[in-house]
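Each residue of the sequence shown is one higher than the one before, starting from 51 at the first, in the numbering used here. Glycine is no exception: its CB is placed at the ideal position from the N, C-alpha and C atoms. Fair warning: this is a prediction, and the values are worked out from it, not measured in the lab.
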Amino acid sequence: MIMGTELSSILQAIYRFKSIHHILLSFCSFVNAVLKFIHDMSTLAKALRQKGEHNSRLCGEGWLK
């Protein structure tokens with residue numbers, strides 16, 4: 051039969067595991083959001099760079115003045 055103190059320590063261990071699990075999930079979610087932001091900024095920078103090259107080519111060819 052499980053004594054009260056053993057049951058209490060088992061419940062505390064489960065609670066600690068759940069809180070650590072929650073912290074890890076929150077941290078992974080944060081890291082994922084940061085990586086997605088970096089990827090989006092990289093994609094945006096690449097698109098703006100290509101647009102800039104396109105505009106400079108048009109200006110060089112006399113299409114835009």
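Is DSSP giving residue i helix, strand or coil here?
i, result
"ILE64", "helix"
"MET91", "helix"
"LYS115", "Reliability fails at LYS115, whose pLDDT of 46 lies under 50, so the model's placement of it is uncertain and no value is given."
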